[in-house]
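Report on one structure; see the data block that follows.
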Amino acid sequence: MQKRSLIEFDNVGFTYGSAPVLEGLSFQISTGQFVGIVGPNGAGKSTVLKLMDRLLTPTAGEVRVGGRNISQYSLRELAKLIALIPQEPEYFPFTVRELVSLGRSPYRKGYGTLTPLDEEIVERAMQEAGVSEHAHRPVDQLSGGERQRVTLARALAQKTPILLLDEPTNHLDIEHQLHICQLLEGKAGEGMTCVAVLHDLNLVAAYCHEVLVLDQGRLIAQGPPGDILTPKLVQEVYHVAVPDIRHPVTGRPVIAP
Amino acid sequence: MVLLTVLLLSILVAAAVGSVSISPVNVGKMLISRVPPFRSMEQTWTAAEEMIILQVRLPRVLLAAVIGGGLSTAGVLFQGILRNPLADPYIIGVSSGASLGAAAALLFLIPAGIGWYGALPLFAFAGAVGATFIVFRVGLMHGRIHPTNLILAGVAVGALFTAIVSFMMVLKIQNLQDVYMWLMGSLSGRGWRQLAAALPYVLAGSMVAVLFTPKLDVYLLGEETAHSLGIDVQRLQKQVLAIGSLIAAACVAVSGVIGFVGLMVPHAVRMRIGPKHTPLTISSFLVGAIFLVAADTLARTVLSPVEIPVGIVTALTGGPFFIYLMKRG
Chain F
1 MQKRSLIEFD NVGFTYGSAP VLEGLSFQIS TGQFVGIVGP NGAGKSTVLK
51 LMDRLLTPTA GEVRVGGRNI SQYSLRELAK LIALIPQEPE YFPFTVRELV
101 SLGRSPYRKG YGTLTPLDEE IVERAMQEAG VSEHAHRPVD QLSGGERQRV
151 TLARALAQKT PILLLDEPTN HLDIEHQLHI CQLLEGKAGE GMTCVAVLHD
201 LNLVAAYCHE VLVLDQGRLI AQGPPGDILT PKLVQEVYHV AVPDIRHPVT
251 GRPVIAP
Chain Y
1 MVLLTVLLLS ILVAAAVGSV SISPVNVGKM LISRVPPFRS MEQTWTAAEE
51 MIILQVRLPR VLLAAVIGGG LSTAGVLFQG ILRNPLADPY IIGVSSGASL
101 GAAAALLFLI PAGIGWYGAL PLFAFAGAVG ATFIVFRVGL MHGRIHPTNL
151 ILAGVAVGAL FTAIVSFMMV LKIQNLQDVY MWLMGSLSGR GWRQLAAALP
201 YVLAGSMVAV LFTPKLDVYL LGEETAHSLG IDVQRLQKQV LAIGSLIAAA
251 CVAVSGVIGF VGLMVPHAVR MRIGPKHTPL TISSFLVGAI FLVAADTLAR
301 TVLSPVEIPV GIVTALTGGP FFIYLMKRG
């Protein structure tokens, strides 16, 4: 059965100044997938994510979302379609509830306050991300892991079919890393398409439905992590030798030196 | 609402205080008696008192409120859009440009018969708008605004203009007093005309500013997040900077460079009520207005009949108060 593809890159290139960052990139991501983008530093992972949210415009080829060229959407339409968690989200001493409420701003008309429906969505987003108990605390008093969950709640309140995340597990302890990945896995199960740049290959192996491997601006491989993250590929892309180990329970690859 | 009441009361009290002391109650009655349905009210004050209040003190006190409110609102806008806590209404060249315009007018143009003293605000306003325009041109890269570039451009243009002002002052050392008073910021001798000149810009600018406040909240989360929440970041930056500059230029043009209000008031208010821009902007306007009304009252009464430039009073009283607020946390 052909799955419906939601995000399509068609021969996309991106050049920054005179240096090509991405070249001839073509792939499709279908609805309800949790996709990990991996690759060494400088491979162009963040650039791919920025092209998906039109923070950057491709210098060649076309990015399509829902079958339509991404440049044809208005910013507001795009905001109802795609939520983004950037690499280093910024925080101001908003309370948690205030910050999560900002996720509803694409839906607000003019100067309106939150509708009861908005309130409900905000409550639900805080619950899902596990930050309801902090609703009235200023965000800058929370730990790094809690803040990242608040940012996630803000993105969930945006109620978009697509969620993009740039290294969402950075600086987090293992409990918070797993929590975020489990949450994304769950949201994908509900039909949300989650695309995350991740450095931890083991998280990708354990949680992602699909992995995109980039190296030097090109797509090296795409497919289920169990098939893709082989010692051979790790050797090719990262230049490190790893043994062929599988998780004793799940059978998924484990990447360890 | 509390702030609005305090502002109205402080305007009444400030108008009552001075070399001729008039009771605030009489000031209030005087104003109410100007409104048609109350014209027949019994007059408990002298004609001279009415003259002092309506022609001298009231316009000046109202102007202090407008300038204080305008500078604070502009401060909120600049701190928000540049995401820099040190930003104030003067950071992108408004004050240095206005100073250049005013100094050129006071030292050269007016003595040479080009323009007249009453047109000083026009020269200052032209200088402020000119400097802001230059800073914009320099700070804009490939049509995009980068806050850091803009701040650096503001510092560079500011240094250049300040140097030119100093040079002009050296050349014309005999006319320095007017320029000095102006550079330090003063409301001395200002009346209805200056109020009428500044009020439309400050009031209209501040109202438009409030319309932008929900977007500024989103913008605080960073440019990428704001973009993904449907905000045209480039456009927002240009619009907000233009509004802030216009408000600041109108204020500086009539009052000279009154420092510290636009930097401190937004911070003090933020410490009390948090970073949400709608209440922050409105409260900052009111607090700034109250603060400058009080400061200007001190400026004209403490050493009466000598006037202290109000810019000195704002820094002298505001500085320690701000340090107290910071230490208290």
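So the protein lines, in turn, are chains F and Y. All the letters of the first sequence, read from the start, carry residue numbers 1 to 257 under the numbering used here. All the letters of the second sequence, read from the start, carry residue numbers 1 to 329 under the numbering used here. Beta carbons: idealized from backbone N, C-alpha and C, even for Gly. These figures come from a predicted structure and were not determined experimentally.
| Item | Value |
| --- | --- |
| Close-in-space but distant-in-sequence residues of the same chain around residue 34/F (CB under 6 angstroms, 5 per side omitted) | 184, 185, 188, 194, 208, 209 |
| Residue 101/F vs residue 131/F beta-carbon contact at 8 angstroms | no |
| Nonlocal neighbours in the same chain, by C-beta distance under 6 angstroms from residue 143/Y, ignoring five residues either side | none |
| Residue 88/Y classed as buried or exposed, judged by whether at least 16 other C-beta atoms fall within 10 angstroms | buried |
| Bridge partners - residue 27/F, DSSP secondary structure assignment | 9/F |
| Meets three-Cβ-pair contact criterion under 8 angstroms: the region 14-28 of chain Y and the region 139-158 of chain Y | no |
| Contact set for residue 297/Y: own chain, Cβ-Cβ below 6 angstroms, skip 5 residues either direction | 14, 17 |
| Check whether residue 245/Y and residue 67/Y have beta carbons under 8 angstroms apart | no |
| Residue ranges of each beta strand (DSSP E) within the region 102-153 of chain F, 3 or longer | none |
| Spatial neighbours of residue 197/Y in its chain, beta-carbon cut-off 8 angstroms, leaving aside the 5 residues before and after | 121, 250, 253, 254 |
| Euclidean distance between Cα positions of residue 4/Y and residue 290/Y | 9 angstroms |
| For residue 220/Y, three-class secondary structure by DSSP | coil |
| Continuous alpha helix (DSSP H) stretch holding residue 177/F: start and end | 174-189 |
| Contacts that residue 218/Y makes with chain F (C-beta to C-beta distance below 8 angstroms) | 102, 105 |
| Contact set between residue 224/Y and chain F, taken where Cβ atoms lie within less than 7 angstroms | 55, 84, 86 |
| Residue range of the alpha helix (DSSP H) that includes residue 183/Y | 176-184 |
| Where residue 43/F falls: helix, strand or coil (DSSP) | coil |
| Three-pair Cβ contact test at 8 angstroms for the region 205-215 of chain Y versus the region 271-281 of chain Y | yes |
| Length of the line joining the Cα atoms of residue 205/Y and residue 222/F | 54 angstroms |
| Other residues of its chain near residue 215/F: CB distance less than 6 angstroms, five sequence neighbours each side excluded | 39, 43, 237 |
| 7 angstroms Cβ cut-off: residues of chain F touching residue 146/Y | What residue 146/Y touches in chain F: nothing, since even the nearest Cβ is about 15 angstroms away. |
| Sub-8 angstroms separation of residue 135/F and residue 97/F beta-carbons | yes |
| Chain Y within 8 angstroms of residue 1/F, Cβ atoms only | Caution applies to residue 1/F, whose pLDDT of 41 falls short of 50 and renders its modelled position unreliable; the value that the coordinates give is listed next. Output row for residue 1/F: interface = no. |
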